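Take 47 as the starting number for the sequence shown in the working numbering and just add one per residue. Ideal Cβ positions, reconstructed from N, Cα and C, are used throughout, including at glycine. The model shown is predicted, which means the values in this text are computed figures rather than measured ones.
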Amino acid sequence: MNSNLELLAPVGSFEALRAAVQNGANAVYLGGKEFSARASANNFGREELILAVKYAHIRGCKVFVTVNTIIKEDEKVDFIEYIRFLHEIMVDALILQDIGMAMLIKKLLPDFELHASTQMAAHSLSDVKYLEKAGFSRVVLARELNIDEIKTICDNTSADIEVFVHGALCVCYSGQCLMSSELGSRSGNRGRCAQPCRQKYRLFNDESNEYVETDGEYLLSPRDLNSIENISQIIDSGVLSLKIEGRMKRPEYVATVVGAYRDAIVDYVENGNARIDQERIDDLYTIFNRKFTKGYILGEVGKDVMNSEKPNNRGLYIGKVVSYNKKSKKLGIKLEKTLRKGDGINIGGGTIGRIIKRGAIYDIGESGETIEIDYIGSIEKGTDIYKTSDGRLLEKVKNTYETSKEQIKIPISADFSAEEGKPAMLIFQDIDGNHVSVRGKKLAEKAQKVALTTEKVEAQISKLGDTPFVIDEIQVALGENISLPVSEINNIRRNAVEELCDARAKVRGRNHNYDKLDLYILEEKNRDGKYSYRNIEKRDEVIAIDDGTDSQRAKLNISCGNLEQLEVVCDFDVDKIYYNDIYSFEEALEIAFKHGKKISLCLPRIIRTGETHIYKKIDKMYDVLKLYSKRGVFCGFRISNYGELLQLKNMGYRNEDIDISSWMNVINSESINYYRSQKVGNICLSQEVSLKQIKDMNLSRYQNIEYVVYGRTEMMISEYCPMGVLTKDCKRNKRDAYCRKAVYYLESSDNSRYRLSQDKNCRTTIFSDSVVNLCEYLDELYYSGVDSFEIALYFEANSEVEKIISNFERMVKKINNLEYNVNSKDKDNKTDYKYYGSNDFDEVFTTGHLFKEID
Numbered sequence: 047m048n049s050n051l052e053l054l055a056p057v058g059s060f061e062a063l064r065a066a067v068q069n070g071a072n073a074v075y076l077g078g079k080e081f082s083a084r085a086s087a088n089n090f091g092r093e094e095l096i097l098a099v100k101y102a103h104i105r106g107c108k109v110f111v112t113v114n115t116i117i118k119e120d121e122k123v124d125f126i127e128y129i130r131f132l133h134e135i136m137v138d139a140l141i142l143q144d145i146g147m148a149m150l151i152k153k154l155l156p157d158f159e160l161h162a163s164t165q166m167a168a169h170s171l172s173d174v175k176y177l178e179k180a181g182f183s184r185v186v187l188a189r190e191l192n193i194d195e196i197k198t199i200c201d202n203t204s205a206d207i208e209v210f211v212h213g214a215l216c217v218c219y220s221g222q223c224l225m226s227s228e229l230g231s232r233s234g235n236r237g238r239c240a241q242p243c244r245q246k247y248r249l250f251n252d253e254s255n256e257y258v259e260t261d262g263e264y265l266l267s268p269r270d271l272n273s274i275e276n277i278s279q280i281i282d283s284g285v286l287s288l289k290i291e292g293r294m295k296r297p298e299y300v301a302t303v304v305g306a307y308r309d310a311i312v313d314y315v316e317n318g319n320a321r322i323d324q325e326r327i328d329d330l331y332t333i334f335n336r337k338f339t340k341g342y343i344l345g346e347v348g349k350d351v352m353n354s355e356k357p358n359n360r361g362l363y364i365g366k367v368v369s370y371n372k373k374s375k376k377l378g379i380k381l382e383k384t385l386r387k388g389d390g391i392n393i394g395g396g397t398i399g400r401i402i403k404r405g406a407i408y409d410i411g412e413s414g415e416t417i418e419i420d421y422i423g424s425i426e427k428g429t430d431i432y433k434t435s436d437g438r439l440l441e442k443v444k445n446t447y448e449t450s451k452e453q454i455k456i457p458i459s460a461d462f463s464a465e466e467g468k469p470a471m472l473i474f475q476d477i478d479g480n481h482v483s484v485r486g487k488k489l490a491e492k493a494q495k496v497a498l499t500t501e502k503v504e505a506q507i508s509k510l511g512d513t514p515f516v517i518d519e520i521q522v523a524l525g526e527n528i529s530l531p532v533s534e535i536n537n538i539r540r541n542a543v544e545e546l547c548d549a550r551a552k553v554r555g556r557n558h559n560y561d562k563l564d565l566y567i568l569e570e571k572n573r574d575g576k577y578s579y580r581n582i583e584k585r586d587e588v589i590a591i592d593d594g595t596d597s598q599r600a601k602l603n604i605s606c607g608n609l610e611q612l613e614v615v616c617d618f619d620v621d622k623i624y625y626n627d628i629y630s631f632e633e634a635l636e637i638a639f640k641h642g643k644k645i646s647l648c649l650p651r652i653i654r655t656g657e658t659h660i661y662k663k664i665d666k667m668y669d670v671l672k673l674y675s676k677r678g679v680f681c682g683f684r685i686s687n688y689g690e691l692l693q694l695k696n697m698g699y700r701n702e703d704i705d706i707s708s709w710m711n712v713i714n715s716e717s718i719n720y721y722r723s724q725k726v727g728n729i730c731l732s733q734e735v736s737l738k739q740i741k742d743m744n745l746s747r748y749q750n751i752e753y754v755v756y757g758r759t760e761m762m763i764s765e766y767c768p769m770g771v772l773t774k775d776c777k778r779n780k781r782d783a784y785c786r787k788a789v790y791y792l793e794s795s796d797n798s799r800y801r802l803s804q805d806k807n808c809r810t811t812i813f814s815d816s817v818v819n820l821c822e823y824l825d826e827l828y829y830s831g832v833d834s835f836e837i838a839l840y841f842e843a844n845s846e847v848e849k850i851i852s853n854f855e856r857m858v859k860k861i862n863n864l865e866y867n868v869n870s871k872d873k874d875n876k877t878d879y880k881y882y883g884s885n886d887f888d889e890v891f892t893t894g895h896l897f898k899e900i901d
């Protein structure tokens, strides 16, 4: 067990903050109105943040602020100014997703603690070690990891590890989901997810042209995580922080969940095992659940983590319908749990008005009883009844934070001294080492009648009432036969409490020198709006790695995943091929060699700690890779997570031979600067970047900047396989592989169809129904600083591949042969390209996010 074990609570409002702190949270995470990954939560304005930090710190609770969105280029100054504000008001740590902005903060404010958000999709020991080395003191692990993986990570890193233990789950790896922005403009990476996973879908078999029968229509909607009955096992893994999800939840939810987990943790620490009271378990079901799962963390997979029946609150099961009298409009229920007047149930809406037993009206029905309630409508006998709200529970938890009474007191020591002719002094010291001393204003006098006693001083100093403190030790030193008014002692005590509160509100050792930060802001503001077009005459100003090529030449790169496609690709004038299948890569190398092409190996987006076979395969191919490297064919790897960069470096490969895929979410020049400092090769921008944002980045400073210009969008990657409904037991260790026997789609309520694909680890990728095609905008992209264009091939037939590449090949050649003024700021002066080739393949083309800004 980690000796500094922390219960971390979600906070979306000041009331929720009080609920979390008063029910035992050691730390809270919250978002401001700016740059937060839960934009739909109430969140905190700046004045509220100041009050929130002070309130929490006084009560011994840390405050972490979520700024875990990707930051657009034109937001950088506002972002850094906001970070300065958070630093000034003593926020304990920042939770971040954007690697470029995180590294900038590390440079400008090196004493600001950084936590790697779950949006960074850290899913392996290598990911954690990379982020730790980069400067993150804590890493929030992906929700998909199991307890054995988590223990391995905890045992092999000095970074603090945080895991989710309760609340909503995402069906996709966090930070890897483009579905919301693809279907609209609200980006999950910007905190504005529209939750397409909670919508209705049907599973369609393209081969049989039939819909697959499923248990429900919400095929992408996960259950809620609830690990309280196994919390001992999670604590034993060595994690530091137990995180509750729910910044958009109401305060009653926060109070209920935090209180339950606090009791479990206390029981574990005191008795070595957390014994969970059934009432607490029932409270968790009542306050909110979409069905509960123990989650991936405790080994549940497949349908055990999903709720396809409904995507909203289910409540606590309390019994079944046994009768319904339409005439009297009375519904009979056989209870298995208690039901009270004022509770809410899942039918009829509203709350229970009266409970009828044997013709008499009661306020409560007990387990085992058959009751009647008033009900208008139709309902079948045997229908399950769920309690969706509990009046007594709500009253109980509200009393923990709506009153002025402090539920948790902080022990302090007091030292009071007074002698004749001098002002009295009071010293308060807390368990965190904060120390304050306060002198009175009045002098102690010789007593005329009754002398001041030690007992009287102790009684007055101990009157801490509604403050968050309690005296656990007191020392009193009084001169002989002195007198001091009780009002003076009380004033000294109140002043000491106030000073102790001020001391506790601060973060000790923080450096408030902002010279570097102010200089950065000044430089950025001076640069703002100064867009530099590509200048082929000033190549010495390009920041890049010299790869022996013309740094200003437009390049065409192709991503493909099978040997048939590769054969077709090699017939064209392409600069680099990204090959997606490690198991046929040796044959791919030989094909590329015969055609004189350069080829890189794409590593999977997800490589878990236990999936070492990928790196073992690379090791096994070492001599082959070395041979084809000497032949000028093998040119490195393409990665999609931080751990792969670390692993390849440890295996002896140069960063210069490693390209960054769009899944690293590069959306601003700070991220480019960071990866350039790491000396990587190509950097592919996020597919959520618009043309305006590309221009804002002033990319003419760089080379080897890539953008996906053709292909379907991989909207989600998930550990859940929707095809699991085809069989009762299709799991990784016992695969029926129905997914390989036909092509399946998810069909939405608007009849859009999203193709499903599984990799060898049973991970599912959900593809868009439309194809991004930017052929006619290549010149505009090049003109704006993108010099490498990626075509992403997936399911295209060879005839399609030929047509697609030939169109783009002609466009790239035209760009490289142009003789127009590339520095002209008048877009109308540049050559107008026509789109070469028509859509012969019944595809729906889109321009993606090129002209559609993400929210």
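For Cys-218, no alpha helix (DSSP H) encloses it, and the DSSP letter there is neither H nor E.
In terms of CA proximity to Ser-170, Cys-200 leads the group Cys-200, Asn-807, Ser-717 and Leu-160. Put simply, the stretch 342-354 touches the stretch 260-275. At least three CB pairs are less than 8 Å apart.
Classified as buried, Gln-749 has 16 or more neighbouring CB atoms from the shown chains inside 10 Å of its CB. With distances taken between CA atoms, Ala-71 lies nearest to Lys-289 out of Ile-280, Ser-413, Lys-289 and Phe-680. Taking 7 Å as the cut-off, the beta carbon of Met-136 is found closer than this to the beta carbon of Val-553. Beta-bridge partners of Asn-701 (DSSP): none assigned. Here the stretch 674-692 lies against the stretch 633-649, with 3 or more beta-carbon pairs under 8 Å apart.
Here Gln-494 is exposed, its C-beta having fewer than 16 other C-beta atoms within 10 Å.
CA-CA distance, Ala-406 to Gln-143, rounds to 60 Å. From the listed residues Val-614, Leu-609 and Leu-602, the smallest Cα separation to Asp-621 is found for Leu-602. Under a 10 Å Cβ-count criterion, Glu-208 is classified as buried, with 16 or more other Cβ atoms of the shown protein chains found around its own Cβ.
The stretch 161-190 contains, as complete beta strand (DSSP E) runs of 3+ residues, the segments 184-186 (chain order). In this chain, the beta strand (DSSP E) harbouring Pro-56 covers 52-57. DSSP links Asp-206 through a beta bridge to Arg-184. Counting along the chain, Ser-278 sits inside the alpha helix (DSSP H) bounded by residues 277-282. Here the stretch 297-311 lies against the stretch 268-284, with 3 or more beta-carbon pairs under 8 Å apart. Within a 10 Å sphere around the beta-carbon of Asn-714 sit 16 or more other beta-carbons, which makes this residue buried. As DSSP reads the structure, Tyr-625 sits in a beta bridge with Cys-606 and Leu-647. Burial is judged here by how many other beta carbons sit within 10 angstroms of a residue's own beta carbon; Ser-732 has at least 16 and is buried. Counting only the Cα atoms, Met-166 lies some 27 Å from Arg-296. Going by DSSP, Thr-115 is part of no beta strand (DSSP E) at all; its letter is neither H nor E. Residue pairing by DSSP places Met-471 opposite Ser-463 and Arg-485 in a beta bridge.
When the alpha-carbon of Asp-389 is set against those of Tyr-370, Thr-434 and Val-123, the nearest one is in Thr-434.
In the structure shown, Phe-897 falls within a coil segment according to DSSP collapsed to helix, strand and coil. Tyr-699 places its beta carbon 7 Å or farther from that of Asp-173. Here DSSP, grouped into helix, strand and coil, assigns Asn-819 to strand. The Cβ atoms of Ser-273 and Lys-340 lie closer than 7 Å to each other. In the structure shown, the three-state DSSP call for Cys-547 is helix.
Judged by DSSP in its simplified three-state form, Asp-313 adopts helix.
Pro-469 is the residue among Ala-490, Pro-469, Leu-489 and Lys-492 whose C-alpha sits nearest the C-alpha of Ser-483. Here the stretch 409-429 does not lie against the stretch 317-327, with fewer than 3 beta-carbon pairs under 8 Å apart. For Thr-759, the enclosing beta strand (DSSP E) begins and ends at 751-764.
Going by DSSP, Gly-365 is part of the beta strand (DSSP E) stretching over 362-371. In the structure shown, the three-state DSSP call for His-212 is strand.
Using a C-beta cut-off of 8 Å, the stretch 755-774 makes contact with the stretch 796-812, since at least three inter-stretch Cβ pairs fall below that distance.
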